[in-house]
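Read the structure below first, then the notes.
Protein chains: 2
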Amino acid sequence: MTVVQKYGGTSVGSIERLQAVAARIAHRAAQGRPMAVVVSAMGKTTDELVALAGAVSARPPRREMDMLLATGEIVSSALLAMAVRELGHGAVALTGAQAGVFTDDTFGRARIRGIDTERIQREFAAGNVVIIAGFQGASGEADFTTLGRGGSDTSAVALGAALHAQQVEIYTDVEGIYTTDPRIEPDARRLADIAAEEMLEAAAQGAGVMHPRAVELGLLYDIPIVVASSFAADGAAGTVIRKEVLMEPEDRVRTIALDRDVASLTLRQVPDRPGIAAQLFGPLADAGISVDTIVQNAGEDRLTDLTFTVSHADLEQAREVAAPLARELGAAELLHDHDLVKVSLIGTGMQSAPGYAALMFRTLSDADINIELITTSEIRITVLLRSEQGEQAVQLLHRAFALDQPVST
Amino acid sequence: MTVVQKYGGTSVGSIERLQAVAARIAHRAAQGRPMAVVVSAMGKTTDELVALAGAVSARPPRREMDMLLATGEIVSSALLAMAVRELGHGAVALTGAQAGVFTDDTFGRARIRGIDTERIQREFAAGNVVIIAGFQGASGEADFTTLGRGGSDTSAVALGAALHAQQVEIYTDVEGIYTTDPRIEPDARRLADIAAEEMLEAAAQGAGVMHPRAVELGLLYDIPIVVASSFAADGAAGTVIRKEVLMEPEDRVRTIALDRDVASLTLRQVPDRPGIAAQLFGPLADAGISVDTIVQNAGEDRLTDLTFTVSHADLEQAREVAAPLARELGAAELLHDHDLVKVSLIGTGMQSAPGYAALMFRTLSDADINIELITTSEIRITVLLRSEQGEQAVQLLHRAFALDQPVST
């Protein structure tokens, strides 16, 4: 079975760290299985390249931007291959294009169309570990493309699928997925495994370890993803993201996510009639604004309040787009609030156990924490709170749902 | 007629300089002729990448080294294309591979097999200036290759040939080819033109402006090369390197070159018989040591002294290779000397005018400068001198041959 690993930018953030990663790779490769390793750009390289482009152009052309950014991963893959060979094991570095990663031509956020593994297989046959520049592919024109956010994770999972790997190992600077962010709650525990659907919700709700896109791809191709630390001892456990988690009871809270990048807009007292949402959210989408939570509260006299959340970066533009629409729709006023956080309980089967929502609301109410807004999905309950109460809420909920306790099996 | 330009690393050594180059390009492109621009890596980028590789591996694999180094020119070409577009003119950046530069697979010093200009022509048709990463190409395996020393100049001249350009413009940090190095002789004058053969000799004898390889390619394809400063006003003259220089008298000294990177080895009193040279220089070539001047002086009693010069970097290894051979050949001793310089007078038709050699030797002798060794070619007289007398010799010869005087026509 082919081994597929991915190392993030922090894991190769210096020559010393890159050499430590090379040692892990050489050690694993010595076990004799074919091995493909996806690597991100070293440390802050990508940010530095973005800054260079920004110094030259206010709006850099996307094609050349991708060409520029792709060099970061080419450098780290070439150096990592050198470091592995220095340890006596055969290794070659491949760009995304050389590794057969073909994408569409939407520069900056290309989607993988397919992977031709011919070259990789040939290098395996020659006894080489294949080090692949992550985050990138080639368009039909043989131009560099980049995959956008979460790109290297996506490269790794896609390669895992194409190479029929048993699992994809994602090495990063944390030891796995936790019951909540350990920087907020010191009693947070690492989860041995988590369902992909849960991970998707957690990622969407602000848990930054894995990009949802890579998790989705793992789900689609049914490949388990192991998230572990590149700094921990070799073979340390990490967290397995699987299609289904069978070994543990499903009806419990798995993790609590805190998303600080939340701003809300509210159209107050809109006359309630069909098509309001389309009239509002069409133009927002056209402006490239990603709308997160949407809540519409039916009010008195067929007047309704419509609230939605966006990232802080999109707030100003969202207000510009929404203001004339609010007038057209007859809203009494357009309010906005950027001093908010989202706290989400995530766990499979929560909806079928209504006691969870009740315990969540009671815990917050007992601590005089006011809930601004509530949304739920099948495996998630999210509340919008004032920013300054976010961390306290996470800590209280972590205890209330006994996430600091080992799981009884 | 297509315009082909090349800008060196110093010319794009900072964002400000790169923007100044972009302004020159946009100004020229506005005249409406198709335009291809070859660019080197910014400033010290290549040295930094070499240092990174050196930190990872004592002997970095050549294939990955080329992959690593190629990123330097990809970065500068992407940024330069962005900067040109920022000025309102269409521009795309292409890697060597995308520009159709195909090479053999001798990594580190690949030779160009051919250039498929289809993509470049397509970008011309779309109204784009094409910015091409210099110094690089693609092997048959679609691996990055680099062209070795003088690589970007070679890229530019090869593209000039493939695109049927009228001339190739090489922009660098000097204003052209001079009668000698202006840092040594303040009265040195810029030459309006120089014959390619003269330029080849000058480059081989230490005049660092152009690599001989690019000059040879220009000669082979009969494309004039204009060397000019990227810092001078747009349209400043520079020096034209042509196949033949017809407009000036041919029988005069054109330029004086000083080469400081000279060490000599001498096999003293070798019994003179056929095959000595082969026995000595075969193993040196096999060891990758580039031998420059070779002089064999027939001595008394069928014993001969054999002297050759190498670069300082190669001296130690040359001694190691030569020592056992000297014993085999029966030499009395193996001497070496690294405290030498070469001073060369270069000019077409010098051999047919023996007065030049006489004037050279008299000038040096009048100043008590001892000549260690003399070699000549059809268009060159070279003397080996003690290091400390090199600059004085250049200054005296510059005056003796009236190179500080405007040419009378």
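These protein sequence lines are chains A and B, in that order.
In terms of the working numbering, the first sequence opens at residue 50 and continues consecutively.
In terms of the working numbering, the second sequence opens at residue 50 and continues consecutively.
The C-beta atom is built at its ideal place from N, Cα and C for all residues, glycine as well.
- Under the three-state reduction of DSSP, residue 150 of chain A is assigned to strand.
- Secondary structure of residue 385 of chain A (DSSP, three-state): strand.
- Residues are counted here when their Cβ sits less than 8 Å from a Cβ of chain B; for the stretch 107–120 of chain A these are 107, 109, 110, 112, 113, 114, 116, 117, 119, 120, given in chain order.
- Relative to the Cα of residue 212 of chain B, the nearest Cα in the group B:334, B:270, B:187 belongs to B:270.
- Excluding five sequence positions before and after residue 240 of chain B, the CB atoms of its chain that fall closer than 8 Å to its own CB belong to 225, 226, 227, 228, 288, 303, 304, given in chain order.
- Taking all protein chains in view, the Cβ of residue 172 of chain A is crowded by 16 or more other Cβ atoms within 10 Å, so the residue is classified as buried.
- Against residue 130 of chain B, the close residues of chain A are 110, 112, 113, 116, in the order they occur along the chain (beta-carbon pairs closer than 9 Å).
- Across the set A:93, A:135, A:360, A:306, the C-alpha of A:360 shows the shortest separation from the C-alpha of residue 388 of chain A.
- Separation of the CB atoms of residue 68 of chain B and residue 132 of chain B is rounded to 5 Å, and the pair is thereby assigned contact status at 8 Å.
- Beta bridge pairing from DSSP links residue 278 of chain B with B:221.
- Around the C-beta of residue 169 of chain A, 16 or more other C-beta atoms lie within 10 Å, and the residue is accordingly described as buried.
- Chain-order list of chain A residues neighbouring residue 185 of chain B: empty, with the shortest C-beta distance near 12 Å, by a criterion of under 8 Å.
- The beta-carbon distance between residue 431 of chain A and residue 391 of chain A, rounded to whole angstroms, is 5 Å. This is short enough to meet the 8 Å contact definition.
- Taken atom to atom, the span from the alpha-carbon of residue 330 of chain B to that of residue 221 of chain B is near 36 Å.
- For residue 159 of chain B, there are no C-beta contacts with chain A under 7 Å, since the nearest C-beta of that chain is about 16 Å from it.
- Using a Cβ-Cβ cut-off of 8 Å, residue 172 of chain A does not count as an interface residue toward chain B, since no Cβ of chain B sits closer than that to its own.
- Nearest to residue 377 of chain A by C-alpha distance, out of A:319, A:144, A:342, is A:319.
- In this model, residue 51 of chain A and residue 218 of chain A are separated by some 11 Å (Cα to Cα).
- Remark: C-beta atoms of residue 223 of chain A and residue 278 of chain A approach each other more closely than 8 Å.
- Counting along the chain, residue 415 of chain A sits inside the alpha helix (DSSP H) bounded by residues 404–415.
- CA-CA distance, residue 245 of chain A to residue 193 of chain A, rounds to 30 Å.
- Contact note: residue 123 of chain A reaches chain B through 116, 117, 119, 120, 123, 193, using a C-beta cutoff of 9 Å and chain order.
- For residue 271 of chain B, no alpha helix (DSSP H) encloses it, and the DSSP letter there is neither H nor E.
- Of the other Cβ atoms in all chains shown, 16 or more fall within 10 Å of the Cβ of residue 161 of chain A; this residue is therefore buried.
- Under the DSSP definition of a beta bridge, residue 185 of chain B partners with B:195.
- Per DSSP, residue 320 of chain B is one residue of the beta strand (DSSP E) stretching across 304–320.
- For the pair residue 65 of chain B and residue 103 of chain A, the Cα-to-Cα distance works out to about 13 Å.
- Per DSSP, the unbroken beta strand (DSSP E) holding residue 161 of chain B starts and ends at 161–164.
- Per DSSP, residue 399 of chain A is not a residue of any alpha helix (DSSP H), being assigned neither H nor E.
- In the displayed model, residue 84 of chain A falls within a strand according to three-state DSSP.
- Annotation: residue 155 of chain B to residue 260 of chain B spans about 19 Å, alpha carbon to alpha carbon.
- Closest in alpha carbon position to residue 89 of chain B, among B:351, B:419, B:175, B:201, is B:201.
- Within chain A, no C-beta atom comes nearer than 8 Å to that of residue 97 of chain B; the closest sits roughly 10 Å away.
- If you look at residue 354 of chain B, you'll find it in the beta strand (DSSP E) that goes 352–359.
- Non-local C-beta neighbours of residue 62 of chain A in its own chain, meaning closer than 7 Å and more than five positions away in sequence, comprise 91, 92, ordered along the chain.
- Taking a beta-carbon distance threshold of 8 Å, residue 135 of chain B counts as an interface residue toward chain A.
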